[in-house]
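Q:
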């Protein structure tokens with residue numbers, strides 16, 4: 023996506039500090055590369071990778087890893103990642119470790135990992151929040167993929183979402199997209215309320231999770247709270263409890279309810295055609311079928327209502343190394359198109375999927391000033407067509 027494809031939205035909500043964003047991108051890559059080397063060191067220490075001077079086939083390496091059911095896609099993705107990072111190198115149809123992998127061997131020690139992680143957070147403050155989750159996931163990855171430890175115990179130790187939530191705090195890139203979501207939701211709600219001065223606007227967030235996007239959206243809608251009903255929904259009771267703690271005390275217009283976007287609204291207590299806005303931030307990729315999830319989002323909306331989708335549109339090794347431990351990351355159907363070694367769609371894939379689900383006027387928003395190859399996230403705004411393909 024080039025700069026002319028970035029849709030204009032109200033300033034200053036969508037301003038981005040270009041210098042800070044450039045520092046973030048460099049820092050994020052440094053953190054990710056640490057994760058790649060840590061993966062190689064831990065797999066080598068566990069006897070999974072071939073010893074120096076020897077080779078092994080992919081199937082042999084995966085057999086040594088003893089991947090449990092549900093993690094076959096992750097196993098394949100990890101080997102692809104190591105090969106792309108030149109930590110494994112192909113020799114005919116077999117793989118060998120490289121000098122770069124040998125240099126990372128010290129990361130098999132917890133003390134070395136802790137010291138390296140501390141230095142990394144100090145040298146790269148823009149991406150410091152990503153480090154604890156990465157370390158936790160990689161130091162316990164072998165146990166997770168073998169089925170010896172549940173992934174949720176690693177991602178959410180003791181039921182706490184703190185490590186995941188740390189990623190979202192003071193994050194220049196995620197803040198940009200959250201504010202962009204807030205701007206578009208605010209714009210649509212205000213237009214609706216001006217057009218229908220005696221009506222209430224209903225907004226539903228699916229897969230609200232830790233509320234990273236919810237906060238900016240609710241702040242943007244605060245001056246319309248008396249004419250607003252906001253549904254904070256998720257499939258996880260822990261996320262609903264977290265949402266109530268964060269947003270339920272001072273915002274009586276916010277309701278909290280369990281909702282699975284993979285199921286029909288009417289089967290879960292929600293009236294079809296009742297929402298002005300449906301918001302889905304970094305959640306639809308984790309469904310069995312994005313096509314079905316989008317149809318259910320469309321069913322929730324009034325004709326002319328909008329779906330705001332905020333999603334990663336490029337594969338990131340960091341996500342494979344962390345969120346890839348969750349079985350849900352890999353649960354997509356075999357016949358659904360996704361980016362290689364990921365559950366994601368690219369921009370063209372999202373446009374096509376939204377069109378097939380009955381949405382029109384699909385707009386794509388991303389960080390201004392970056393080339394298509396540099397964009398990793400995209401926010402889409404799509405309008406729900408009524409009967410015959412019309413909108414309000």
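Numbering (our numbering), first residue to last: 23 to 414.
Glycine included, every Cβ here is placed at the ideal spot set by N, Cα and C.
Note that this is a predicted model, so its numbers are computed, not measured.
(1) Using only the alpha-carbon positions, how far apart do residue 305 and residue 192 sit?
(2) Quick one: what's got a C-beta closer than 7 Å to residue 88's C-beta in the same chain, skipping five residues either side?
(3) Out of curiosity, what's the CA-to-CA distance linking residue 129 and residue 155?
(4) Heavy atom of the ligand NAP less than 8 Å from the Cβ of residue 371, yes or no?
(5) Taking the alpha helix (DSSP H) that residue 213 belongs to, which residues open and close that run?
(6) Between which two residues does the beta strand (DSSP E) harbouring residue 325 extend?
(7) Using a 10 Å radius around the Cβ and a threshold of 16 neighbouring Cβ atoms, would you call residue 36 buried or exposed?
(8) Would you report the Cα separation of residue 64 and residue 152, rounded to the nearest angstrom?
(9) Would the segment 296 to 311 count as touching the segment 265 to 276 if we require 3 or more Cβ pairs under 8 Å?
(10) What are the partner residues of residue 387, as DSSP defines its beta bridges?
(11) Where does residue 30 fall in DSSP's three states?
(12) Could you check the C-alpha separation between residue 349 and residue 217 for me, to the nearest Å?
(13) Going by DSSP, which residues form a beta bridge with residue 316?
(14) Can you tell me whether residue 252 is helix, strand or coil according to DSSP?
(15) How is residue 49 classed by DSSP in three states: helix, strand or coil?
(16) Just the C-alpha distance for residue 9 and residue 265, rounded to the nearest angstrom, thanks.
(17) Between residue 256 and residue 323, what straight-line distance do the alpha-carbon atoms span, to the nearest angstrom?
(18) Once the 5 residues before and after residue 148 are set aside, which same chain residues still bring their CB inside 6 Å of it?
(19) Among 320, 313 and 274, which has the Cα closest to the Cα of residue 292?
(20) What did DSSP end up calling residue 349 once you bin it into helix, strand or coil?
(21) Would you mind working out which of 344, 338, 274 and 250 sits nearest residue 22, comparing C-alpha positions?
(22) May I have the straight-line CA-CA distance separating residue 31 from residue 66, to the nearest angstrom?
(23) Taking the C-alpha atoms as reference points, what is the distance between residue 249 and residue 136?
(24) Would residue 243 and residue 254 qualify as a contact pair, given that the criterion is a beta-carbon distance under 9 Å?
(25) Taking DSSP as the reference, what is the three-state secondary structure of residue 278?
(26) What would DSSP say about residue 381, mapped onto helix, strand or coil?
(27) In the DSSP assignment, the beta strand (DSSP E) including residue 70 goes from what residue to what residue?
(28) On the DSSP bridge assignment, give the partners of residue 224 in chain order.
(29) Reducing DSSP to helix, strand and coil, say where residue 96 ends up.
(30) Kindly give me the distance between the Cβ atoms of residue 276 and residue 229, rounded to whole angstroms, as I take these residues to be in contact under 8 Å.
A: Reading off the structure:
(1) Computed Cα separation, rounded: 21 Å.
(2) If we look at residue 88 and ignore the five residues flanking it on each side, its Cβ neighbours are 168.
(3) Taking the CA atoms as reference points, residue 129 sits about 16 Å from residue 155.
(4) Among the ligands in the structure shown, none appear at all, so the ligand NAP cannot be discussed.
(5) Segment 194 to 217, the alpha helix (DSSP H) holding residue 213.
(6) In this chain, the beta strand (DSSP E) harbouring residue 325 covers 323 to 334.
(7) It counts as buried.
(8) Between the C-alpha atoms of residue 64 and residue 152 there is a straight-line separation of about 19 Å.
(9) Counting Cβ pairs under 8 Å, fewer than three are found: no touch.
(10) Per DSSP, the beta-bridge partners of residue 387 are 401.
(11) Any answer about residue 30 is weak, because its pLDDT of 40 lies below 50 and its placement is not dependable; what the coordinates show is given next. In the displayed model, residue 30 falls within coil according to three-state DSSP, outside both helix and strand.
(12) Cα to Cα, residue 349 sits roughly 45 Å from residue 217.
(13) When DSSP reads this structure, residue 316 sits in no beta bridge, so it has no partner.
(14) Judged by DSSP in its simplified three-state form, residue 252 adopts strand.
(15) Shown here, residue 49 sits in a helix according to DSSP, grouped into three states.
(16) Residue 9 is absent from the structure shown; the chain starts at 23 and stops at 414.
(17) In a straight line, the C-alpha of residue 256 is about 18 Å away from that of residue 323.
(18) 45, 46 and 49, listed in sequence order.
(19) Its Cα nearest to that of residue 292, the residue 320 stands out among 320, 313 and 274.
(20) Helix.
(21) Since the displayed the chain opens at 23 and closes at 414, residue 22 lies outside it and no answer follows.
(22) In this prediction, residue 31 scores a pLDDT of 42, lower than 50, which makes its location untrustworthy; the coordinate-derived value is nonetheless stated afterwards. Straight-line Cα distance between these residues: approximately 49 Å.
(23) Here the alpha carbon of residue 249 sits roughly 50 Å from the alpha carbon of residue 136.
(24) No. Outside cutoff.
(25) Residue state, collapsed to three classes: strand.
(26) Residue state for residue 381 is assigned as strand, using DSSP reduced to three classes.
(27) That residue, residue 70, is in no beta strand (DSSP E); it is neither H nor E in DSSP.
(28) DSSP lists 251 as partners of residue 224.
(29) Three-state DSSP puts residue 96 in a helix.
(30) Beta-carbon to beta-carbon, residue 276 and residue 229 are separated by about 16 Å, too far to satisfy the 8 Å threshold.
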